[in-house]
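Remarks on the structure that follows.
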Amino acid sequence: MRHVLAEGRCWGVEKMFLLPLPAVGRVALRRLGLKRFWSQGFAAADMTKGLVLGIYTREKENDAPPFTSAGENFDKLVSGKLREVLNISGPPLKAGKTRTFYGLHEDFSSVVVVGLGKKGVGVDDQENWHEGKENIRVAVAAGCRQIQDLEISSVEVDPCGDAQAAAEGAVLGLYEYDELKQKKKAVVSPKLHGSGDQEAWQKGVLFASGQNLARQLMETPANEMTPTRFAEIIEKNLKGASSKTEVHIRPKSWIEEQGMGSFLSVAKGSDEPPVFLEIHYRGSPNASDAPLVFVGKGITFDSGGISIKPSANMDLMRADMGGAATICSAIVSAAKLGLPINVIGLAPLCENMPSGKANKPGDVVRAKNGKTIQVDNTDAEGRLILADALCYAHTFNPKVILNAATLTGAMDIALGSAATGVFTNSSWLWNRLFEASVETGDRVWRMPLFEHYTRQVVDCQLADMNNIGKYRSAGACTAAAFLKEFVSHPTWAHLDIAGVMTNKDEVSYLRKGMTGRPTRTLIEFLVRFSQDSA
């Protein structure tokens, strides 16, 4: 069977899909005016630019699937050829699927049509996200990757009814950490197609770039991403984002002066010096306005210490500073947005390594607030460094304290990669985080802070409390209960992000690797908080 491609006049093919000549026919080619276009027009097409356009699923069996308004306009521009080639190229596109066409217009060497699913869908109360926005992110990411595979340097993206979601899909979908590779993927610059909502597009680019910063920090190998290097990168990004910022990279001597014995007990096992990173964004017009304080676990490599981890997948523990990466990236994004609020970020940064100086099971350490902690498992180190940071957070008299940490494997067992687990003493704060997550598609789920779990960590033989629960069950809950012992503030949330740290194929608009989640949800929370405070 001969194919159009064999004749050198391939005007429209789905990836890895050739149209048989009998199915198309020379008559169809002549009718579409594409045989002449290929020989005359396509040679002059802009080979450096692609176009991604959306199409919805049809509402009734015999209806034609409706294009987005941008898709409809482009189809008119090419005299209906897009619709005609789409109709004969295969079945209607399902949500998230793509089809690529070549030579339809001289301005675009390739046009990728992406399936957006049903038109006009909103919040799905079962899924706890905005289905329409999520469909756009998935589809646009898939379309942009097709353009990237063709090594086309620029792509114009259909806003698909929500320019912010489209921008997020494009920027998140194209990102891949390849800084240490000689052979890199083609760099593709996404732009909004048409003269639509540029403000929403730029907001989406900013949100996605914030998450990509966290992805970069988390993915970088631990020998490159030391505590000192992490702090330097955040300092550079924050100062570049706004003049209303301040950065303090606190050395070991400062940590000792603060009496942060719990943090220091983890850091002392490594030759890499610890850093306590303190960042300020002062966006409120009222300088005395109380800040929000974000705290992030910053273990730049976690071997487990003396309670050493199994070697399998230990390399993933380069991302055990995901809490610090996400909260700092969110604050950088808030500064770029110019939000009228004051936000402080605190990140205790160190490695957890086995050595002659490291914590030993059974050791007792003293936290900043004077509480003593029996360290029965040195691999439960995140809560030890967060304990001191949470105590310090209270000194700023904040409106909210929120901490994020890749804290427990038990959180991954409980929720997997579907959602971040949230433990909070404030229903108001929970509702704000939940509403933000519905908007971003990076979901959260509330977990319990029962006294039931507190009893399991304060029942301790040698000290005021133990760094692990008395029983094997509910490890994420007992870890949260431990942190709660260092919080007196009435509006606090602990986000356990261990389950959402990596992506295999669960979130299709993120490639395999570290996710940077839930950075966009934290940014959206800050945006909404600033609007509520206005």
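Counting with numbering that gives the first Met the number 0, you get residues 0 to 533 for the letters of the sequence shown. Cβ coordinates follow ideal geometry from the N, Cα and C atoms, glycine included.
Nearest residue (CA-CA) to residue i, options the options
i: V51; options: K235, H247, E60, V110; result: V110
i: R454; options: R442, G440, Y470, L461; result: Y470
i: V137; options: G297, G95, Q181; result: G95
i: F107; options: G121, L76, V122; result: L76
i: D441; options: G498, D463, E450; result: G498
i: G70; options: S208, V112, E271; result: V112
i: E535; options: E277, E198, S416; result: Since the first residue of the chain shown is 0 and the last is 533, residue 535 is not available in this structure.
i: Y55; options: G79, G303, V84, K117; result: K117
i: L338; options: F524, V84, D74, L85; result: F524
i: V246; options: A334, D362, N402; result: A334
i: G203; options: S472, F485, T439, I496; result: T439
i: I326; options: V265, V363, L401, L85; result: L401
i: T394; options: G209, L205, F485; result: F485
Sheet register partners of residue i (DSSP bridge)
i: T419; result: V443
i: G344; result: I278, F293
i: P250; result: P250 is not bridged to any residue.
i: M513; result: T501
i: D301; result: N351
i: T371; result: R365
i: V51; result: V111, V156
i: H129; result: V122
i: T244; result: Y280
i: M464; result: I372
Cutoff 6 angstroms; reference residue i; Cβ partners in own chain excluding five residues on either side
i: L149; result: S109
i: G474; result: T407, A409
i: P21; result: Residue confidence is low: P21 scores 31 on pLDDT, short of 50, so the model does not pin down where it sits. No coordinate-derived value is stated.
i: V399; result: L291, T490
i: H192; result: A69, E155, V156, D157
i: R25; result: No answer about R25 holds up, because its pLDDT of 36 lies below 50 and its placement is not dependable.
i: A164; result: K132, I135, R136
i: G515; result: Q210, A213, R214
i: A27; result: Annotation note: pLDDT 39 at A27 (below 50); position unreliable, no value reported.
i: A286; result: none
Residue span of the alpha helix (DSSP H) that contains residue i, given as start and end
i: S264; result: 260 to 266
i: D531; result: 518 to 532
i: G211; result: Note on identity: in this sequence residue 211 is Asn, with Gly being the wrong assignment. Here the alpha helix (DSSP H) through N211 covers 197 to 218.
i: N376; result: From DSSP, N376 is part of no alpha helix (DSSP H); its letter is neither H nor E.
i: Y452; result: 450 to 457
i: V506; result: No alpha helix (DSSP H) holds V506; DSSP gives it neither H nor E.
Same chain, Cβ closer than 7 angstroms to residue i, neighbours up to 5 away in sequence not counted
i: K503; result: K511
i: N396; result: A289
i: A42; result: Note on A42: pLDDT 44, under 50, position unreliable in the model; the coordinate value appears next. There are no such residues.
i: I254; result: F262, L263, P273, F275
i: D458; result: K469
i: S532; result: I340
i: S529; result: L338, P339, I340
Short Cβ contact (7 angstroms threshold) for residue i with residue j
i: V292; j: A392; result: yes
i: G49; j: I151; result: yes
i: M464; j: I372; result: yes
i: T405; j: L494; result: no
i: L345; j: V294; result: yes
i: H129; j: V139; result: no
i: G297; j: A323; result: yes
i: P189; j: A169; result: yes
i: G541; j: D161; result: No answer is possible for residue 541: it lies beyond the span of the chain, which begins at 0 and ends at 533.
i: A386; j: R527; result: no
i: L103; j: C143; result: no
i: V331; j: A240; result: yes
i: A185; j: Q145; result: no
i: M604; j: T299; result: Look at the range of the chain in this structure, 0 to 533, and you will see that residue 604 is not part of it.
i: A213; j: T518; result: yes
i: L348; j: F229; result: yes
i: L389; j: A492; result: no
i: A318; j: M513; result: yes
i: I496; j: A379; result: no
i: L461; j: V363; result: yes
i: A357; j: G258; result: no
i: T225; j: E271; result: yes
Start and end residues, beta strand (DSSP E) containing residue i
i: F100; result: 97 to 104
i: T394; result: Note, T394: premise wrong, no beta strand (DSSP E); not H, not E.
i: D74; result: Segment 68 to 76 is the alpha helix (DSSP H) holding D74; no beta strand (DSSP E) there.
i: F107; result: 107 to 114
i: I400; result: 399 to 404
i: S188; result: 188 to 191
i: D495; result: 491 to 495
Same chain, Cβ closer than 8 angstroms to residue i, five either side skipped, listed in chain order
i: P360; result: I305, S306, V374, D375, N376, T377
i: S507; result: G95, V137, A140, A141
i: T244; result: L237, K238, I278, H279, Y280, R281, A334
C-beta neighbour in chain C for residue i, strict 7 angstroms
i: A169; result: No chain C appears in the structure shown, which is made up of a single protein chain.
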